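K.L.:
One structure, as structure tokens, below. Some questions next.
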């Protein structure tokens, strides 16, 4: 029997696991996908929000501000790229100035430093703002992060400290037993004293297995453009329009990998698995973004994508102890990414400890072993690495400058990739202009070799998404 079982290995589940790993407890994380952070945690704007926007007194406001304060140290410990670039929330009409002043009051209540900029000051900071921008709210504590490796490294750190992870384990039922719960998946059954529901978009369904229905999680889809590396000086910080009931609006932001994101749209959908994009919505994204930024080079688009945000009917995060065996940590939409470290601490140090007092470990290590990123090294440092291991000089993804050894390195970590997409998220192979056209066959071959399987069995993403359909030379007959 486990002491604690966490359902969901998105950014919330992995940070809860990381914090609980400080304690002497037997912990298991179940994830229905073939990798961690594979749903909402990977399809978002990757922004570390400052905390000026959430309604004061809400859980969103509380954990946004607390999480923001933890981010620099957290990312240093987890060896994750984090850039404290700041943000501008812009006004394009005189009537918008009153809304900016209201946001200043909200920021003051949330204890977030902000500064109101004139048109001249805003355009001096960001010369490529649209000419119709007349004022802006500057938040210096906002930033951007690599969301893919944030989740992977948090889970890796938890595993290194004794947490167990089981992938491809979709929970279908939870039964009460004498001293806890029996959690039933499509493949197995697990007994545990405490269940923590961090299942994201399906959080309401999991909660309903245990307690009376008291909230809904509604999927709100957002569609994005991803622009290639084109000019590191085009945009220095995240640019927001004024927020609305639909969220923070269609924004433009640099990324930690020096691409640019434009989006997202914001529309409720019926299907929680609907990640499609459509021409009309993307056209609207383009039009709205062009109101705040000028000369956006959409001809540099390398892909579009969509993500679903788990929007709760409560209009706030659902973080609660349902009983002495079950905790909900769901409905964590924006600003969930920035809130995750603080939510993890709160659940581990306060909620769980009110159920059972676990003793802290003496040998807990909050840091992961450093990763090698050849692109970030100086020429002299690269030469030293290549001399030591020539595979660091064998570049297999020329768009993103990724070496063979960097790919091999992540396969030998405690939270390794099991698919082409999982490898893509960790080292960016296939993220560039050709979108894997050149390197995907190489990655498939490396995965097959590492796991001792046929290339026909290598998945792109979840199980049964093989990319190689048959052998063309020396293989089995095919029609």
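Numbering (my numbering), first residue to last: 2 to 480.
Each residue gets a CB set at the ideal place from its N, CA and C atoms; glycine is no exception.
Only a predicted model underlies this, so the values are computations on that prediction, with no experimental measurement involved.
Taking the alpha-carbon positions, what's the residue 406 to residue 302 distance?
P.N.:
29 Å
K.L.:
Assign residue 264 to buried or exposed, taking buried as 16 or more other Cβ atoms, counted over all protein chains shown, within 10 Å of its Cβ.
P.N.:
Taking a 10 Å sphere around the C-beta of residue 264, we find 16 or more other C-beta atoms and assign the residue as buried.
K.L.:
Jot down the residue ranges of each uninterrupted alpha helix (DSSP H) in the segment 238-313, minimum 4 residues, whole runs only, in chain order.
P.N.:
280-290
K.L.:
Quick check: the Cα distance between residue 343 and residue 75, rounded to an integer number of angstroms?
P.N.:
10 Å
K.L.:
Classify residue 34 as buried or exposed, calling it buried when 16 or more other Cβ atoms lie within 10 Å of its own Cβ.
P.N.:
buried
K.L.:
Ignore the nearest five residues each way along the sequence and tell me which others in residue 17's own chain have a CB closer than 8 Å to its CB.
P.N.:
7, 197, 199, 330, 344, 345, 348, 349
K.L.:
For residue 305 and residue 228, what's the separation of their Cα atoms in angstroms?
P.N.:
9 Å
K.L.:
Output needed for residue 479: all residues of its chain with C-beta closer than 7 Å, excluding positions within five of it in sequence on either side, in chain order.
P.N.:
Because residue 479 sits at a pLDDT of 38, beneath the cut-off of 50, its placement in the model cannot be relied upon, and the following sentence gives the value as read from the coordinates. The answer, listed in chain order, is 471.
K.L.:
Considering only the beta carbon of each residue, do residue 101 and residue 92 sit closer than 7 Å?
P.N.:
Yes, they are a contact pair.
K.L.:
Assign residue 442 to one of three DSSP states: helix, strand, or coil.
P.N.:
helix
K.L.:
Apart from the five residues just before and just after residue 40, which ones in its own chain have a Cβ nearer than 7 Å to its Cβ?
P.N.:
Cβ neighbours of residue 40 beyond the five flanking positions: 11, 34, 201, 202.
K.L.:
How is residue 89 classed by DSSP in three states: helix, strand or coil?
P.N.:
strand
K.L.:
Which one or two residues does DSSP pair with residue 449 in a beta bridge?
P.N.:
In DSSP, residue 449 forms no bridge with anything.
K.L.:
With H, G and I counted as helix, E and B as strand and the rest as coil, what does DSSP make of residue 354?
P.N.:
helix
K.L.:
Count the other C-beta atoms from every protein chain shown that fall within 10 angstroms of the C-beta of residue 157, then say buried if there are 16 or more, exposed otherwise.
P.N.:
Result: buried.
K.L.:
7 Å is my cut-off, CB to CB: does residue 337 come that close to chain B?
P.N.:
Of the protein chains in this structure there is only one, and it is not chain B.
K.L.:
How many angstroms separate the CA atom of residue 332 from the CA atom of residue 291?
P.N.:
31 Å
K.L.:
At 3 residues or longer, and completely inside the segment 22-96: list those beta strand (DSSP E) runs for me, N to C.
P.N.:
28-31, 88-92
K.L.:
Specify the secondary structure class of residue 368 as computed by DSSP and reduced to three states.
P.N.:
coil
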